[in-house]
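One structure below.
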Amino acid sequence: MALHGEGAGSKKFAVVLLVFQILFIVLFGIFGKYHLDAAPPKQAETTTITSSGVRLAASTSKAPYEPDHAVRDYYPMFQDVHVMMFIGFGYLMTFLRKYGYSSLSINFLLAAFVIQWGTLMRGLLHLHDWQFEINMTTLLTSDFTAACILISFGAVLGKLSPLQYVIMAFIEVAVFSVNEWVGINYLKTLDVGGSIFVHVFGAYFGLAMSRVLYRWEYSMGDFNTLKFNTKTTDLFSMIGTIFLWMFWPSFNSAMAAEELQQRAVINTYFCLASCCVATFICSIFFHHGKISMELIQNATLAGGVAIGSTADMMVHPYGALIIGFGAGVLSCAGFCFINNVLERRLKVHDTCGVNNLHGMPGVLAAVISAIVCAFASESLYGSSLYKVFPSMDPDNGGRSPMYQALYQLSALGMTLATALISGAITGFILRLKFLDPLPGPLLFDDAAYFALPDQVTHDQEKHIRNQLEGSARDQYEFSAALPKNDRLLTH
Amino acid sequence: MALHGEGAGSKKFAVVLLVFQILFIVLFGIFGKYHLDAAPPKQAETTTITSSGVRLAASTSKAPYEPDHAVRDYYPMFQDVHVMMFIGFGYLMTFLRKYGYSSLSINFLLAAFVIQWGTLMRGLLHLHDWQFEINMTTLLTSDFTAACILISFGAVLGKLSPLQYVIMAFIEVAVFSVNEWVGINYLKTLDVGGSIFVHVFGAYFGLAMSRVLYRWEYSMGDFNTLKFNTKTTDLFSMIGTIFLWMFWPSFNSAMAAEELQQRAVINTYFCLASCCVATFICSIFFHHGKISMELIQNATLAGGVAIGSTADMMVHPYGALIIGFGAGVLSCAGFCFINNVLERRLKVHDTCGVNNLHGMPGVLAAVISAIVCAFASESLYGSSLYKVFPSMDPDNGGRSPMYQALYQLSALGMTLATALISGAITGFILRLKFLDPLPGPLLFDDAAYFALPDQVTHDQEKHIRNQLEGSARDQYEFSAALPKNDRLLTH
Amino acid sequence: MALHGEGAGSKKFAVVLLVFQILFIVLFGIFGKYHLDAAPPKQAETTTITSSGVRLAASTSKAPYEPDHAVRDYYPMFQDVHVMMFIGFGYLMTFLRKYGYSSLSINFLLAAFVIQWGTLMRGLLHLHDWQFEINMTTLLTSDFTAACILISFGAVLGKLSPLQYVIMAFIEVAVFSVNEWVGINYLKTLDVGGSIFVHVFGAYFGLAMSRVLYRWEYSMGDFNTLKFNTKTTDLFSMIGTIFLWMFWPSFNSAMAAEELQQRAVINTYFCLASCCVATFICSIFFHHGKISMELIQNATLAGGVAIGSTADMMVHPYGALIIGFGAGVLSCAGFCFINNVLERRLKVHDTCGVNNLHGMPGVLAAVISAIVCAFASESLYGSSLYKVFPSMDPDNGGRSPMYQALYQLSALGMTLATALISGAITGFILRLKFLDPLPGPLLFDDAAYFALPDQVTHDQEKHIRNQLEGSARDQYEFSAALPKNDRLLTH
């Protein structure tokens, strides 16, 4: 009976997932095709006819078997970003004592779901005669989309049913893609590391959703004890932290123009280093003179977010260090002081503290980008000025630095508004009984939807091992070698 | 006494290993040398004289210090594959409650053993005047060989002695290399991701061996409780799963022609995404409405196997999604339904379920490759037709698509037959008393060959910490700071 | 009170860290700037005027937007090295039962601290008109510096306060940088994998420091039980081991000349494979016929150190196998026999056995490099002789092979002397009461400085879950589905 009831809830999840997957296959079949470089030469020609003169030139000048460099140029950084999504976010969220299976598996599912749906949404926004092309950069941008959804996932981690998570991802990807599309194509926002469109959007979409989904249980005095970590879960969580920290330079430079990539790598590298140091300092001052693993696991990463919009600009190495330090302080302050205010006063329950790791540092990144843009000049960027700031190119509108700064801020405003509104609406949708909200006793508990490992008691095992003795009898050499049974069972 | 007995068994293992290692050093000394690109220019010339005209041209046209691109072109994907072998397979197998040391360490040993022996076997099959050359692709293909042996390892995991594992690896590498050599050079099979020669061979070699090594203990009602996982071991196992899943596009495209690599990456990426979604759906339907970690850990990877033989062909993105979905369903069905039949009826005990993850999806891959080859045409592949299907090139035999399809199936048949027969023979060899079969009580137990950590009881530690108090006396500032002893001991 | 006392110690640590971070920002601001390739074209020109004719030529011949290849050529290997520092060293050290938080977090902090301070030290030694340039190779060399400090960290792991660790890193980076600078620029030592300047220096600096910091507690009979590992911590530790093992070829070839990289990769790859096999053999012979995880975790890596100075030379594949085997035997002997002598007789307590993994294999590497240099000849290296051995180039001093061999040994001697003396002095400095030496009862204990997770008892949790039942009442579908409370609590 219980099993049936359970089954009822999860079967609905499976059916919805199946419907989505079929939809994806159909849409890929109708609209998706390989990009020129991944398609055979012949098909390439037919493509070029339908595409811009520039590409036509490019492709005709291409010898039939000229090696394609997309893999060589993008693949290593793509794989770093891929690791950030699946190992980074996945393990970062395993700190919850009883929710490790769910954190890791649902993270895995949502990312695999989003890289399909995100590719489709972006493709549908960039159709050329009813077709969109897929190449290495498609995979990269789809992983970026996954990052945004996984950030929101962190805000509601442990509090939704699998079905609710999937519906959340489906809606969020659609809104995210449109918001980013407007911000990049119309506002011509510069956001190489996605701090505005990925981090700010993901964080505030998730927080708005979490606010609407607030439940009376969260206000119970000892509710957060359900979130408690253990030494083992903290070590797993650090796997996620460290991979995110190490590969963040790839995240911030993968989409940069080739000659700006090195600067983006250098800036992010030093920014993260000083952010890590800042976190240890703040942990001592803000956390009763102790080093807090929660801060190490999260605040050390804030630097990557804070420099995300300006990584490829001339912030100079010392500028990167200052940004990283500031981000670390801001993030630690968020965890130690602001978190409680959000939860108690504003009734926003933020499981992973995404406001501190992605939200506020993302806003900081946007503000920094406005300042850096405002000071852009020929004397500073030389002949690369229009490479870094295409919108300032006279042939391309010729914006003034100050205008670009205002556009950066307007992109932040648009993203905040879109995220908060669409997040709130998504929250109301997720409150539908139909979507199987989680019963209170199953909050932060893998038992809700996962098959848990059966326990084997010491006696059971002793019984089995004893039975097995029989088989050892005829093996003289070994029967002597058998450790005592208790020895076998102590570990 | 017990120790002596134990020692006797393991010393034999060490001696055999030593003999093999000395043999490898001697064979490398006699036959192995650096490839042209890794050797000094002077040596290069002497090489070119003895090698084909093409290479001669290549090398003479090479300036003395012209940078060598082998590292740049192959190294990143090689390292991904390397991670799949050592972290991927290694951690995937740590789910066994009491066999973590062995899974990880023996996986490590076998892979390190095989990359030497595999290099030798392949080299001996490709001798030019009694020498074989070593370069980046040698390392890649040696890692592929390791994959095959580690798959077979998964079928017998927990049930053999270290000595038996090593003998298994030694025999299997030899047979694997010959089978692959015949399949590629004579049947001209297309198998860019090694689904036929690596996955099918490894899986069915292991299963045939496991059948011959079947022991009465396996039929004990509660035998499989020895295999039980825990929450912690499952989180370790997921490290392996996710790294395998993320880097599989490298596995399927590393050996592809440079201009086909991007397509291989794209196909594998989307194939795995839909396979992951399919696994969650099937877990609910096949596993009492619950999400099963065993399925997440394994079935999500089946897509990489299923598209392995056709990753660089025109399966189209939607085709990749369909293949991935099918592979996920097939693999889940294997774990939930076919596994029991194999174990109960056919007495094939498959510890890691390699039949479901590598065996059946590999067969599926071969069938798909036959279909895709059968539909190959100028109109679809344009001028790249002979690049993708070299055997269809008139200068190279000029096979018809249908013929190529039949050759794909014949390669599958040959591989299945070779794997089953050689696996069974290996099984009979491993039954020799001389090879120290594992006594029953030590099945799935690290205690058999590993030094286990000593336990420290609460009292022991309290005693030590108390002794240490003494040293703190003269440190006034700190003696105040000492946490209560119990506090120290609770964690 | 206790908290205050504690705070006092750690606040000092935070303040010192803050002072260093501010210092770094100021020094970067004054002396640091982007390298040509990462700076805008205009700035580039101004640079070239002030730099060598060679660079001038290079830069003027560079089109304004010509893509910069530094990222493509160095980034993948840099990221591998990055993983070795943060995941590799970090997790390798988590084997200590109660020191996992500290091992991982302090490793993280020290590395982030050193990549800033190391960049500065190296920069200050290479100033061009009071400025130093930062590019991809800067990041690589800074990570190499981190490796050296993390090796010393391993020798004193668990025995110092965070403040002492930071002071150690600050001093060691300064001495390391000068020693390496002299060795490379004046002695023209060849050490592509840093075995002499990184591994030997780090190991013996740490051991000398550990000797001076020896405390009576270490001689307590059961003292080392505080170091005991558990099955879980050993599996975490293996994450570090395997990533170090896999990516070591990147460590040994990243700084090699482009056309020598492939040889460096091949040599390191095979050297590590045979070292891994040797470790299993020696474990059986040296460790009572059992496989020891401590040996697997450490000795398998000795091959990477032993071939570090000659990885890009003509040692031949079989030579690499022999070096690896020898390194494995040496390292295992160190752990099983020499360690005790060091600790009992010489009062050198080596927590991670850095003498066995980095010290002795590093000395071996230097000796091997002397031998390989002594046999360098035109007939063996052809026209690449001066590429591999620049100091033998007549235009560059024209050293004889035998001379180069002597210089290799003199570099070893200088490094040993510098490391031992500066390590000992550092040890005396760290004995200052001001630096908060660790009270005895807090040795090897996270409790000293880390906030430990609060425990939740079975009853506490049961109480919370019961309260939550209330919220489930109105959800009919689910209340049926609720697992029994005990079920919830068993896992």
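Residue numbers (full-length UniProt numbering), protein chains in the order written: chain E, 1 to 491; chain D, 1 to 491; chain U, 1 to 491.
Glycine included, every Cβ here is placed at the ideal spot set by N, Cα and C.
Predicted model only: the values in this text are computed from it and were never measured.
Between which two residues does the beta strand (DSSP E) holding residue i run?
i	result
E133 (chain D)	132-134
K387 (chain D)	Careful: K387 (chain D) lies outside any beta strand (DSSP E), inside the alpha helix (DSSP H) at 385-388.
Y34 (chain E)	32-34
Starting from residue i, find everything on chain E with Cβ-Cβ shorter than 7 Å and list it in chain order.
i	result
T232 (chain U)	T232
T94 (chain U)	L235
What separation, rounded to the nearest whole angstrom, lies between the Cα atoms of residue i and residue j?
i	j	result
S391 (chain D)	D445 (chain E)	56 Å
E217 (chain U)	R211 (chain U)	13 Å
L23 (chain U)	V15 (chain U)	12 Å
A366 (chain E)	G319 (chain E)	15 Å
D429 (chain U)	P437 (chain U)	The residue asked about is misnamed: residue 429 (chain U) is Ile in this sequence, not Asp. So the two alpha carbons sit approximately 11 Å from each other.
L364 (chain E)	A327 (chain E)	8 Å
L187 (chain E)	F113 (chain U)	39 Å
V81 (chain U)	L432 (chain D)	45 Å
A419 (chain D)	W117 (chain D)	19 Å
Q475 (chain U)	P439 (chain E)	Its pLDDT being 47, under 50, Q475 (chain U) is placed unreliably in this model, and the value from its coordinates should be taken loosely. Those two C-alpha atoms are separated by around 7 Å.
S10 (chain U)	M77 (chain U)	37 Å
Y407 (chain U)	A376 (chain U)	14 Å
residue 533 (chain U)	I115 (chain U)	With chain U represented from 1 up to 491, any question about residue 533 (chain U) goes unanswered, as that position is not in the structure.
Which residues in chain U sit within 9 Å of residue i, going by Cβ to Cβ distance?
i	result
M136 (chain D)	Q262, V265, I266
C276 (chain E)	F108, L109, A111, A112, F113
Starting from the beta carbon of residue i, find every residue of chain D whose beta carbon is closer than 8 Å, and list them in chain order.
i	result
A306 (chain E)	Residues of chain D passing the Cβ test: none, with the nearest at roughly 27 Å.
I296 (chain U)	S105, F108
G154 (chain E)	Chain D residues near G154 (chain E): none, gap ~17 Å exceeds 8 Å.
S10 (chain E)	I284, G289, K290, I291
Y449 (chain E)	K290, I291
Could you spell out the range, first to last residue, of the alpha helix (DSSP H) harbouring residue i?
i	result
G193 (chain U)	Per DSSP, G193 (chain U) belongs to no alpha helix (DSSP H) and is neither H nor E.
W248 (chain D)	231-253
P401 (chain D)	401-430
G304 (chain E)	302-306
F285 (chain U)	261-286
V71 (chain E)	70-83
I338 (chain E)	Element bounds for I338 (chain E): n/a, residue is neither H nor E.
L110 (chain D)	100-125
Thinking residue i and residue j are a contact (beta carbons under 8 Å), I'd like their distance in whole angstroms, please.
i	j	result
Q404 (chain U)	F95 (chain U)	In fact, because the Cβ distance is near 40 Å, the residues do not count as touching under 8 Å.
L342 (chain U)	Y204 (chain U)	Contact doesn't hold; Cβ gap of about 12 Å is too wide.
V173 (chain U)	M121 (chain U)	6 Å
Going along chain D, which residues have a C-beta under 7 Å from residue i?
i	result
E172 (chain U)	Residues of chain D passing the Cβ test: none, with the nearest at roughly 25 Å.
Cβ closer than 7 Å: which chain U residues qualify as neighbours of residue i?
i	result
F343 (chain E)	According to the sequence as given, residue 343 (chain E) is Glu; it is not Phe. In chain order: nothing, as chain U lies at least about 17 Å away.
Identify the contact partners of residue i in chain E, using a Cβ-Cβ distance below 9 Å as the criterion.
i	result
Y165 (chain U)	Those within 9 Å of Y165 (chain U) in chain E number zero; the least Cβ separation is about 11 Å.
L442 (chain U)	Ordered by position in chain E, no residue passes the 9 Å Cβ test against L442 (chain U), which lies about 13 Å from the chain.
Handout entry: Contact residues within the stretch 453-466 of chain U, judged by C-beta distance below 8 Å to chain D
Key = P453, Q455
Handout entry: the stretch 114-143 of chain D: positions lying closer than 7 Å to chain U by Cβ
Key = I115, Q116, I134, N135, M136, L139
Practice task
Pull out every residue of the stretch 29-43 of chain U whose Cβ sits closer than 9 Å to any Cβ of chain E, in chain order.
Solution key: G29, I30, G32, K33, Y34, H35, D37, A38, A39, P40, P41, K42, Q43
Exercise for the section: Could you run through the stretch 70-86 of chain U and flag, in chain order, every residue whose CB is less than 8 Å away from some CB of chain E? Expected result: A70, V71, R72, Y75, P76, Q79, H82, V83, F86
Practice task
Mind checking the stretch 213-231 of chain D against chain E and listing, in chain order, the residues whose C-beta falls within less than 8 Å of any C-beta there?
Solution key: R215, W216, E217, M220, D222, F223, T225, L226, F228, N229, T230, K231
Handout entry: Members of the stretch 299-333 of chain U near chain D, C-beta cut-off 8 Å
Key = T300, M314, H316, P317, Y318, L321, I322, F325
Problem - Contacting positions in the stretch 377-395 of chain U - beta carbon closer than 9 Å to chain D - result: E378, S379, L380, Y381, G382, S383, S384, L385, K387, V388
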